[in-house]
Structure formats: structure tokens, C-alpha cells
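Listed in order, the protein sequences are those of chains H and Z. Residue 1 is where the first sequence starts when you use the numbering used here, and the numbers rise one by one after that. Residue 1001 is where the second sequence starts when you use the numbering used here, and the numbers rise one by one after that. Using N, Cα and C, we set each Cβ at its ideal position, and we do this for glycine too. The structure appears below as C-alpha cells.
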Amino acid sequence: MRPTKNALSRMKCPLCGGLITDWRNARRLYWSEDFHPVSFPDRAPSETQEAFYVRRLSAFRECTAQQHNEQHSFSLYDGGHHLPDLIGDFGQPIVIGFIGSVAAGKTLLLAAMVSKLLREPDKLAPFGLKISSLQRVIENRYLSEIEPFCRDRQVLPATHIAGPGFVFAMRVDNSHSRRSFAVAFFDLAGETFYSTESAAMPLLTSASGLIFVVDPAQALPDLARTGSWGRGFYATGFAAPIDAIRKERARLRDPFIPLPAVSVVTKSDLMNGRDDFVDKWLSRSDEGELAGVYEESSDVYALLAARDAKQWLYPAESFMDVTLHFASASGVDAVDGVFPKDGFGSLRVLRPLLSLFAMIGIIDRRILARA
Amino acid sequence: MRRFDPEKSRAVFIGVSQYEHMTQIPCIDQSVLDLAALLSDPRLGRLPSSNYQVLINPADIDYAGDAINSAADAAEDMLLVYYAGHGISGLRRGDLYLSLPRTRPSRPAFTGIQYELIREVVLESRAEVRLVILDCCFSGRATIPALSADPEAIKNQLRIEGAYILAASPANDIAVAGRKHTAFTGELIELLYGGIPNSDEMLTLETIYMHLRRRMHERSLPEPQRLMTASADQLVLVPNRAYRGEPKIVDARSRVPVVSAERIAFEQAMFAALQERQATFRRRQRPARGITLFPRLIGTCNHKSTFLSFIQPTVERCAQRRTH
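Shown next, in the form of C-alpha cells:
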């Protein structure tokens, strides 16, 4: 696959939000076996573009953002702040973030999405999408982290508050529009979303698209089949990030924030058999389609609004482009840290991502308009 | 699902609690007696006293062998062989020896009963359903299909219909003794006698196994194993004493507060209005008319800064060309 020649010289760092003014000439590095940064050998005249591209899949570049704030750094490694070398080759990188309360299921939802993207590429074929690697170190590390969930059906540990944030990156090629995109996902601990002063805010405000995760055990305790949370009023974890994003990305008089977002009622299997809307959507096998997205959004909105969970609709009422979805990362509830074999499997996790891709522009937006 | 015909069925209950060369298991006597009493109870198993034999501490293999052979010959509907005692594993995969009072653990082949012998007798019986229950250590070995180099032999083995083997423990695990009964037989008796709430009117072998397994798992005891061939799992062993009429269909929705259709319609209308306002705002956000000339960029132009970031490489390339 030939690399594109669109490498940016100025780029907004997807980690710190600062402006990198000379990305094209930023120093290339790779990590030695003992995890020390080593200068990356330049392309020799005898080396083909393709071979150089393959080598670059293991390279990083240092972030030289002028507005970089040490307190707000979410570096991949201690003492550094590095980005995949190829991230600037496809225009401004698309950064997608997950926002939700503690234990809402953000990490599992991302793991299920990535697993589905890699395992079932045929679901993306109708949209002309093809997924490939952007940075092998990040990819391998992330896949090894989610392996216990995907292979052994184990519950993943809670995301560390001081985690790296930016966890997975991939290249997305759209054969219909003949464009390529660098897409990065960040996953932060739920605790970081409760304060506008959180160190995670610069990362959030520079995102290209957001996925808000609604846990029905917290939002709809009457409906969800679980005893782990019970009744009560829970903080959504949505307010502080949305307020911070509004401050950065919208003008005062704007009624909506000009940014695409999806709201996903995850763990929907907990409500299966208890609500007509949930039954209707979970019974459909429309994972790789965008048909009926607005109808689904309307149903999710009505479900949450009619059952006094309107605070969970703050994203739907704040962003310019929003769709709402039912999904389940595991398909079943965990018992003693392990998901039972019967019924295990993600449900409709790809649909919110495809919808977000369409709103961002990775997929032709007209597909969404026809939905 | 069908009940076994007590008149055409035979059962042998063997229990070994006293040993000369191994530790004693006093609770086995009561386990065997209670299980036999339960299956002969007119309200439960209905097995006539003439149709079953209880052997407690049979002195030698002949005595036990005769009882099993005669039951296998006479049984037409169900043949049940139950054994509780020390199980001894052999060297080969699947080798299992059932001990007798004088069995030496170092020489089980000559002093105990090789399970393979029982298996052959049971499978050769003309009974419709052949049920073997083993409550001993390593009894899961009985649930491993015998290996053979001859594929035909394996096929023949699998073709035998109506066999169900229920073992107290996995192939490499011990069975646990209790105060009154052994752990496995105690749970089995409790389940057969007490029944299973919210279950069917009759308890089939498979229902019994599934609940037994769950209960043993909950108590952190070795999980029972089973090997079955077609149709055997649907045999009814006893009626369900916990059955209370037709099972009530509990509608989970009944516990969920009802939301009126009007409220739902109202909220959907609210969402439609919200979408309309969002669409209006989106239209206002379009940066410039000329952008639609580039169809590949449609969808990326929702916001001016996003759009500019997408066209930035092209702009930079043009600028570079100009400088050169």
C-alpha cells in the first residue's frame, strides 16, 4: 500500500491538544528492545517507498507542541510525549473519545468495537472501509490488553486514572472516496470526567468525535436486570466534559456544539425482555448497517426521557450531530469476573461507530441522511 | 420426556464403606440406603422391592458381578447401577477401578472391579435406558469415551442409544464425603426428595444433572460429569415434589413501572423537534458554498476548522509549489 503524500506540517496533537508547527520535520524514533528511544534510520535510496512505509509502522515522533502543558500531558511512556509516525500522513488525525461514569463500560465497549473491526472486516465492506495498522507497538499492546476479554471472557480491570488515554490507533481507508484517515481512540477512567479541571480535558476538547456511554444499571435501575447498583441518583460523568468542550469548541450564542457525538446505551442485554424498544433493536441483526439510525435514536431518547433519566440525554441535547444507540459489549452479565459462555458476544457495537464515522466524514454522510 | 416403567426396570445399589486397606467411609451406608429408599418410594421412583438390590460392602467381585448381570438381563425399560465407594485411577486415560472391602490400592486390577466390565455388561443389556451413577473419586473417567484405534469401534460406541452415566467428580478429582451422606449422593437425594422449584412437573435426568451441577458449584464441591447418548437425558426419574401447578410465566415487564404510550409519543416528538433544530444549526455551519464542488469532502465540512484541517495538506502543497 503506497503511503500518501499528504503529511501535515502543522498538526493538532491528539494527546495534548497543542499545535505542532513542524510535524514534518519532527524527529523520528523507534523503541529499542529495552524501551529506549533510538533515532529512526532515514530511507536509504535503495529502499522502496512501500518498504519504508512498513518500517514506519514501528516509528514514533516527538510532540513539539508549543502549547504543550506538562500538567496536561498524557504521554504513552514516562518522560515522553510521542505520536505514531504515520498519524500525520492522512490529514488531521481523527480522535474519538469515550466518555461515561465509573464502571459504565467504556473500556469493554471499545474492546468489543476494536475486536469486531478486526475480526469482521466484511461488515465494513459495504461502506468501502478497510482497516489497517497505523502503529504496531500501540496495536500490539492494546490487543494484548483486551485479549483476556475477547478470548477468555474475563472482565477487564478498571481503567487506571493516570492511564495513557490514547489507547488504540488505526488507519482507515475509504475506497469510495479514495481517502485515508488516521483514527485514534482514547479511553479514560470514569473518575476523570467529574471535574472541569481534570487533566483529561485538553484531550477531550481536541477530539473529533465522542462516544458517550450510558450504563442502564445506573440510568435505568428499574429496567436493568442487575443488583449491583440498585436505585439511586448517579452522576453521569457527562456534564463536566461537555461544559469544557462547549467552552473550547462553541461560541457563546451557539445552541449546539459543532462536533459529532453518539450516545450508546451499553449493557442493553440487562434490559432485554423488559422493554419493547430494547427488544425491538436487540433482536435486529443490523450490526453493519446504518438503516434506521434515526428511528433508533428516537427510541433511545424516548426510553431515557420517559423513564426519568433525562440527565443522561445531555449529550443528545448539546451536540450538533448526535445519534443514539442500543448496544452490548459482552451480551451477558459477568458472574464472578467472568462472562458466561452462553450468550457471550457483542451486540450492535459497530453501529454507533459507523454512525460516528458517517458524521465525521470518514463514510459518506449521505448514507446517514438516507437512514 | 417419559417415566420409566417400574415393573420392567431393575436397579442395583452398591456401597462400600468398610475397607481393610483403605480409609473407611461410614456415610456411604446411609447414602446407598436412602437413595434406594427414595427410588422405591411409591410417591417417587415407585420401584418394587423385588426389582432392586442393595449391596453394602459386598465381599468379592462375584457377588457384585452377579447382581449387576442379573439386573442387566432382567431389565427391559430402565437399568440403574449405582456405586459409592473408593475409586482408583489406572495408568491409562479412562482407566477406573471401583474398590471392594478387600481391594488393595496398589493392585486394583486384581482386587477391585474394573469399570470397563460394568460398562460392557450395562451396554449389552436390552434395557431401553441404561443409567450408571458413580459416587467415587476419579469417577469422571467413566464419562470419557473409550479410545480405540479403530474408527468403526468409536462409531459403534456412539451409536448405542439410551445410556446415561452420571459421575460425582471430574476424571482427575476426588469425590467428597459428608457427615450423613456423601456430598454428591446427599445433594442428589435432597434434589430428588425436595424437588426443584419453578421447574417442570417431572424431573428428567438432564434437569437433575444441570441442577446438581449448579448446586455443587455453588458449594465449591467437585462438579459432577455426565456422558449421555441420544434420548436418555429425557427419562423421568422422579416427579418434581416442588412443582406447584403450571409454571407461572413471570413477566419481567410487570415489575417495571409502566410508561404510557402518550408519554413515549411526546418524548419522540421532542426528539424530532430537537433534530430539526440541530439540522438548522448544521446548515448554518456549512462554511462555504463552493465546498460542495468537492463531493469527496462532503461530510467533513460540518465545521469550519474541521474542514480547514482536511484541506490543509493541499493548501500547503500549493504554497510549496509557488515558492519553488
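> Which stretch, first to last residue, makes up the beta strand (DSSP E) that contains residue 1040 of chain Z?
Replying inline: As a working mapping, residue 1040 of chain Z is identified with position 40 in the second sequence. Careful: residue 1040 of chain Z lies outside any beta strand (DSSP E), inside the alpha helix (DSSP H) at 1027 to 1040.
> Just curious, the beta strand (DSSP E) that residue 259 of chain H is in, first and last residue?
Replying inline: Position 259 of the first sequence, counted from the first residue, corresponds to residue 259 of chain H. Per DSSP, residue 259 of chain H belongs to the beta strand (DSSP E) from 257 to 265.
>> With a threshold of 9 Å between beta carbons, is residue 274 of chain H in contact with chain Z?
In response: Sequence index remark: in the first sequence, residue 274 of chain H carries index 274 (1-based). Interface with chain Z (9 Å Cβ-Cβ cutoff): residue 274 of chain H is included.
> Roughly how many angstroms lie between the CA atoms of residue 319 of chain H and residue 261 of chain H, to the nearest whole one?
Replying inline: Position 319 of the first sequence, counted from the first residue, corresponds to residue 319 of chain H. Position 261 of the first sequence, counted from the first residue, corresponds to residue 261 of chain H. Between residue 319 of chain H and residue 261 of chain H, the C-alpha separation is close to 7 Å.
> DSSP puts residue 1010 of chain Z in a beta bridge; with which residues?
Replying inline: For this step, residue 1010 of chain Z is matched to residue 10 along the second sequence. Paired residue(s): Z/1079.
> Around the Cβ of residue 1240 of chain Z, are there at least 16 other Cβ atoms within 10 angstroms (buried) or fewer (exposed)?
Replying inline: Indexing the second sequence from 1 puts residue 1240 of chain Z at position 240. Per the 10 Å Cβ criterion, buried.
> From what residue to what residue does the beta strand (DSSP E) around residue 28 of chain H run?
Replying inline: Residue 28 of chain H sits at position 28 when you count from the first residue of the first sequence. Where residue 28 of chain H is concerned, the enclosing beta strand (DSSP E) stretches over 28 to 31.
>> Between the region 1078 to 1088 of chain Z and the region 1011 to 1024 of chain Z, can you find at least three pairs of beta-carbon atoms closer than 8 Å?
In response: Touching, yes.
>> At a CB distance below 9 Å, what residues from the region 244 to 265 of chain H approach chain Z? Give them in sequence order.
In response: If the cut-off is 9 Å between Cβ atoms, the region 244 to 265 of chain H has 249, 254, 255, 256, 258, 259, 260 near chain Z.
> Quick one: Cα of residue 90 of chain H to Cα of residue 207 of chain H, how far?
Replying inline: Counted from its first residue, the first sequence places residue 90 of chain H at position 90. Counted from its first residue, the first sequence places residue 207 of chain H at position 207. If I take the Cα positions, the gap works out to 16 Å.
> What residue from H/350, H/235, H/293, H/194 has the CA that sits closest to residue 367 of chain H's CA?
Replying inline: Stepping through the first sequence from its first residue, residue 367 of chain H is reached at position 367. Ranking H/350, H/235, H/293, H/194 by Cα distance to residue 367 of chain H puts H/293 first.
> From residue 228 of chain H to residue 104 of chain H, what distance separates their C-alpha atoms?
Replying inline: What you label residue 228 of chain H is simply residue 228 of the first sequence in a count that begins at 1. What you label residue 104 of chain H is simply residue 104 of the first sequence in a count that begins at 1. In this predicted model, residue 228 of chain H has a pLDDT of only 45, less than 50, meaning its place in the structure is not dependable; the value taken from the coordinates is given anyway. Using only the alpha carbons, I get a separation of about 12 Å.
> Which whole-angstrom value is the C-beta distance of residue 1113 of chain Z and residue 1061 of chain Z, which I expect to be below 8 Å?
Replying inline: Counted from its first residue, the second sequence places residue 1113 of chain Z at position 113. Counted from its first residue, the second sequence places residue 1061 of chain Z at position 61. With 8 Å as the limit, residue 1113 of chain Z and residue 1061 of chain Z qualify as a contact, their Cβ atoms being about 6 Å apart.
> What residues are listed by DSSP as bridge partners for residue 91 of chain H?
Replying inline: The residue given as residue 91 of chain H occupies position 91 in the first sequence. Residue 91 of chain H has H/89 as its beta-bridge partners, per DSSP.
> Between the region 321 to 328 of chain H and the region 261 to 278 of chain H, do three or more beta carbon pairs fall short of 8 Å?
Replying inline: They touch, by the three-pair rule.
> Identify the residues that DSSP records as bridge partners of residue 154 of chain H: which are they?
Replying inline: Stepping through the first sequence from its first residue, residue 154 of chain H is reached at position 154. Beta-bridge pairing links residue 154 of chain H to H/338.
>> Under 9 Å, Cβ to Cβ, is there at least one residue of chain H near residue 1216 of chain Z?
In response: If you number the second sequence from 1, residue 1216 of chain Z lands on position 216. Closer than 9 Å: no.
> Going along the chain, which residues of its own chain have a beta-carbon closer than 8 Å to the beta-carbon of residue 230 of chain H, five neighbours each way excluded?
Replying inline: Position 230 of the first sequence holds residue 230 of chain H. With a pLDDT of 46 at residue 230 of chain H, under the threshold of 50, the predicted position of this residue should be treated as unreliable, and no value is reported.
> Rounded to a whole number of angstroms, what is the C-alpha to C-alpha distance between residue 359 of chain H and residue 62 of chain H?
Replying inline: In the first sequence, counting from the first residue as 1, residue 359 of chain H sits at position 359. In the first sequence, counting from the first residue as 1, residue 62 of chain H sits at position 62. Rounded to whole angstroms, the separation of the alpha carbons of residue 62 of chain H and residue 359 of chain H is 30 Å.
> For the region 1052 to 1059 of chain Z against the region 1196 to 1216 of chain Z, are there 3 or more C-beta pairs whose distance is under 8 Å?
Replying inline: No, the region 1052 to 1059 of chain Z does not touch the region 1196 to 1216 of chain Z.
> Roughly how many angstroms lie between the CA atoms of residue 1244 of chain Z and residue 1003 of chain Z, to the nearest whole one?
Replying inline: For the purposes of this step, residue 1244 of chain Z is identified with residue 244 of the second sequence, where counting begins at 1. For the purposes of this step, residue 1003 of chain Z is identified with residue 3 of the second sequence, where counting begins at 1. The C-alpha of residue 1244 of chain Z lies about 19 Å from the C-alpha of residue 1003 of chain Z.
> Using the rule of at least 16 other Cβ atoms within 10 Å of the residue's Cβ for burial, across every protein chain shown, is residue 1119 of chain Z buried or exposed?
Replying inline: Position 119 of the second sequence, counted from the first residue, corresponds to residue 1119 of chain Z. Counting C-beta atoms within 10 angstroms of its own C-beta, residue 1119 of chain Z has 16 or more neighbours from the protein chains shown and is therefore classed as buried.
> Given that residue 9 of chain H touches chain Z, what residues does it touch there, using C-beta distances under 7 Å?
Replying inline: One-based indexing of the first sequence puts residue 9 of chain H at position 9. Those are 1316, listed as they occur along chain Z.
>> On the CB-based measure, 16 or more other CB atoms within 10 Å of its CB, does residue 1087 of chain Z come out buried or exposed?
In response: Against the second sequence, residue 1087 of chain Z aligns to sequence position 87. Buried, since its Cβ has 16 or more Cβ neighbours within 10 Å.
>> Our contact map puts residue 352 of chain H next to residue 211 of chain H with C-beta atoms below 8 Å; I'd like the distance itself, whole angstroms only.
In response: In the first sequence, residue 352 of chain H corresponds to position 352, counting from 1. In the first sequence, residue 211 of chain H corresponds to position 211, counting from 1. Right, the Cβ-Cβ distance comes to about 6 Å (below 8 Å), so this counts as a contact.
> Taking Cβ to Cβ, would you say residue 1030 of chain Z is nearer than 9 Å to residue 1180 of chain Z?
Replying inline: Reading the second sequence from its first residue, position 30 is the one you call residue 1030 of chain Z. Reading the second sequence from its first residue, position 180 is the one you call residue 1180 of chain Z. For residue 1030 of chain Z and residue 1180 of chain Z, yes; Cβs fall inside 9 Å.
>> To the nearest angstrom, how far is the alpha carbon of residue 1095 of chain Z from that of residue 1137 of chain Z?
In response: Position 95 of the second sequence, counting from 1, holds the residue named residue 1095 of chain Z. Position 137 of the second sequence, counting from 1, holds the residue named residue 1137 of chain Z. Our two residues, residue 1095 of chain Z and residue 1137 of chain Z, have alpha carbons roughly 12 Å apart in a direct line.
> When the cut-off is 9 Å and only beta carbons count, does residue 1059 of chain Z lie next to chain H?
Replying inline: Here residue 1059 of chain Z refers to the residue found at position 59 of the second sequence. It does not: the Cβ of residue 1059 of chain Z has no partner Cβ on chain H nearer than 9 Å.
>> I need the straight-line Cα distance from residue 956 of chain Z to residue 336 of chain H, nearest angstrom please.
In response: This structure does not reach residue 956 of chain Z, given that chain Z is present from 1001 up to 1324, and the question cannot be answered.
>> Tell me which residue opens and which closes the beta strand (DSSP E) that residue 173 of chain H is part of.
In response: The residue given as residue 173 of chain H occupies position 173 in the first sequence. Its beta strand (DSSP E) spans residues 166 to 174.
> Can we say the region 1102 to 1111 of chain Z touches the region 1070 to 1080 of chain Z, given the rule of at least three CB pairs closer than 8 Å?
Replying inline: In this structure the region 1102 to 1111 of chain Z does not lie against the region 1070 to 1080 of chain Z, because fewer than three pairs of beta carbons, one per stretch, are closer than 8 Å.
> What residues in its chain sit with their C-beta under 6 Å from that of residue 1165 of chain Z, if we drop five residues either side in the sequence?
Replying inline: By 1-based counting over the second sequence, the position of residue 1165 of chain Z is 165. Contacts found: 1132, 1142, 1143, 1227.
>> Short of 6 Å in beta carbon distance, which residues of its chain neighbour residue 169 of chain H, apart from the five on each side in sequence? Order them along the chain.
In response: For this step, residue 169 of chain H is matched to residue 169 along the first sequence. Non-local C-beta neighbours of residue 169 of chain H in its own chain, meaning closer than 6 Å and more than five positions away in sequence, comprise 84, 134, 135, 138, 184, ordered along the chain.
> In terms of alpha-carbon separation, which member of H/280, H/94, H/125 lies closest to residue 11 of chain H?
Replying inline: For the purposes of this step, residue 11 of chain H is taken as residue 11 along the first sequence, with counting starting at 1. Proximity to residue 11 of chain H across H/280, H/94, H/125 peaks at H/94, based on C-alpha coordinates.
> Between residue 77 of chain H and the rest of its own chain, which residues show a CB-CB distance below 6 Å, the 5 nearest in sequence each way excluded?
Replying inline: Numbered from 1 along the first sequence, position 77 holds the residue referred to as residue 77 of chain H. Low confidence applies here, because residue 77 of chain H scores a pLDDT of 38, under 50, leaving its location unreliable and the question unanswered by this model.
> Who are the near neighbours of residue 87 of chain H in its chain, counting only those whose CB is closer than 6 Å to its CB and skipping five residues on each side?
Replying inline: Counted from its first residue, the first sequence places residue 87 of chain H at position 87. 93, 182, listed in sequence order.
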